[in-house]
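Visitor: Got a structure here, written out as structure tokens. Questions coming.
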Amino acid sequence: MANDTQKVVDDDKRFAVSLDVSQFLPEELNGHVEGRELKIEGKQEQKSENSSIHRSFVRKWLLPENVDLDAVNTQLNNKGHLCARRRSALERSRGRGISPS
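What follows is the structure, encoded as structure tokens:
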């Protein structure tokens, strides 16, 4: 995956990451927070009678100190872009997780 497949916004108002993962199925993706690190992983395996293909990636971002770790979620859109961002207070009250949806 090339660097132009991701966009990061990190300023006083928000933190957001957008990552092109269109080559992966939702079940092949995992997003989670470890400490202050946001980690997005993808793993794909395809096997046929004569060959096999393995593709994987790991992307990590250090979350700013002003980001509430419980307020981070990820969402997969229909164009294959995974977006991770800080959730609003209303969304936090609904209890969404951080797995791709």
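Start counting the sequence shown at 1; every next residue gets the next number (full-length UniProt numbering). Each residue gets a CB set at the ideal place from its N, CA and C atoms; glycine is no exception.
(1) Check residue 28 in the structure and name its three-state DSSP category.
(2) Please classify residue 70: does DSSP put it in a helix, a strand, or coil?
(3) Check each candidate in 55, 30, 6 and 31 and name the one with the smallest Cα separation from residue 23.
(4) For residue 67, which residues in the same chain have their Cβ closer than 6 Å to its Cβ, ignoring the five residues on either side in sequence?
(5) Please check the pair residue 84 and residue 31, which I expect to be a contact at CB under 8 Å, by giving their CB distance rounded to whole angstroms.
Guide: From the atom records:
(1) Numbered from its first residue, the sequence shown carries residue 28 at position 28. In this structure, residue 28 counts as helix in the three-state DSSP scheme.
(2) Along the sequence shown, read from residue 1 onward, the residue named residue 70 stands at position 70. DSSP places residue 70 in helix when its eight states are reduced to three.
(3) Mapped onto the sequence shown, residue 23 falls at position 23. Closest by alpha carbon: 55.
(4) Counting from one through the sequence shown, the residue named residue 67 turns up at place 67. Excluding sequence neighbours, residue 67 sits near 15 and 86.
(5) Counted from its first residue, the sequence shown places residue 84 at position 84. Counted from its first residue, the sequence shown places residue 31 at position 31. Taking a contact as a CB-CB distance under 8 Å, the pair residue 84 and residue 31 counts as one, their CB atoms being some 6 Å apart.
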